[in-house]
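Heads up: take any position in the sequence shown, counting from 1, add 75, and you land on the numbering used here.
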Amino acid sequence: MGVADMSFERYPESRVLRVRDLMRRCSATHHPAERVALLERMADELERAAQNVPPEVARVLRGQADMARFFAEVQRRDRARRATGNGARQP
Numbered sequence: 076m077g078v079a080d081m082s083f084e085r086y087p088e089s090r091v092l093r094v095r096d097l098m099r100r101c102s103a104t105h106h107p108a109e110r111v112a113l114l115e116r117m118a119d120e121l122e123r124a125a126q127n128v129p130p131e132v133a134r135v136l137r138g139q140a141d142m143a144r145f146f147a148e149v150q151r152r153d154r155a156r157r158a159t160g161n162g163a164r165q166p
């Protein structure tokens with residue numbers, strides 16, 4: 076059975092709702108620091124959700140957590156670059 080074939084009922088409901096809320100809040104905020112914090116929390120929730128599911132689904136959830144952490148790191152670097160005035164690329 077592939078992950079796409081798994082019914083929604085097999086996902087841990089409470090985690091899905093938390094991740095969905097974090098995704099909504101992340102897309103709605105315009106504050107970079109808040110977005111980073113929300114992405115980190117979303118990654119933590121995805122990691123916790125990966126603990127109680129079949130291995131195939133756990134790999135997908137951990138991959139999504141890694142992706143959320145990657146985007147949080149990109150946001151952090153962009154903020155640091157803007158704060159130091161090095162936002163423009165040098166030739």
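All C-beta atoms in this analysis are idealised placements derived from N, C-alpha and C, irrespective of residue type, glycine included.
Check your understanding: Should Pro166 go down as buried or exposed, given a rule of 16 or more other Cβ atoms within 10 Å for buried?
Key -> With a pLDDT of 46 at Pro166, under the threshold of 50, the predicted position of this residue should be treated as unreliable, though the coordinate-derived value follows. So Pro166 ends up on the exposed side.
Check your understanding: Can you tell me where the alpha helix (DSSP H) with Gly138 in it begins and where it stops?
Key -> Residues Pro130 to Thr159.
Review point. Hey, Pro107 and Gln150 are a contact pair by Cβ (cut 8 Å); roughly how many whole angstroms apart?
Key: That pair is a contact at about 6 Å.
Review point. For Ala143, which residues from the same chain have a beta carbon less than 6 Å from its beta carbon, with the 5 sequence-adjacent residues on both sides left out?
Key: A distance below 6 Å between beta-carbons, with the five flanking residues on each side excluded, links Ala143 to the following residues of its chain, in chain order: Leu114, Met117 and Ala118.
Check your understanding: Would a C-beta distance cut-off of 9 Å place Arg93 and Glu122 closer than the cut-off?
Key -> Contact flag unset, no.
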